[in-house]
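Read left to right, the sequence shown gives residues 1 to 56 (the working numbering).
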Amino acid sequence: MAYIISDECISCGACEPECPVSCISEGDGKYIIDEDACIDCGSCANVCPVEAPQPK
């Protein structure tokens, strides 16, 4: 199961460098996760100050 980034995202960028497979990128108004590349590790969720990354 991949993670997705909810609308709670404040575009702080804390999650992007934490992803071991580099599947997080800056989108339009919030960061996005490439669901096909996500390995469901939860690293992004562990550092997000607003709990935007959620399991899909």
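Using N, Cα and C, we set each Cβ at its ideal position, and we do this for glycine too.
Out of curiosity, what's the CA-to-CA distance linking residue i and residue j?
i: residue 5; j: residue 20; result: 16 Å
i: residue 16; j: residue 25; result: 6 Å
i: residue 31; j: residue 11; result: 6 Å
i: residue 42; j: residue 28; result: 22 Å
Give me, in chain order, the residues of the same chain whose beta-carbon lies closer than 7 Å to that of residue i; leave out the 5 immediate sequence neighbours on both sides.
i: residue 1; result: 40, 55, 56
i: residue 8; result: 50, 51, 52
i: residue 18; result: 43, 44, 47
Which same chain residues, not among the five before or five after residue i, have their C-beta less than 6 Å away from its C-beta?
i: residue 35; result: 2
i: residue 38; result: 2, 3, 23
Need the endpoints of the alpha helix (DSSP H) that residue i sits in, please.
i: residue 43; result: 43–47
List the DSSP bridge partners of residue i.
i: residue 5; result: 53
i: residue 26; result: 31
Spatial neighbours of residue i within its chain, please: CB distance less than 8 Å, with the 5 preceding and 5 following residues excluded, ordered by chain position.
i: residue 14; result: 47, 48, 49
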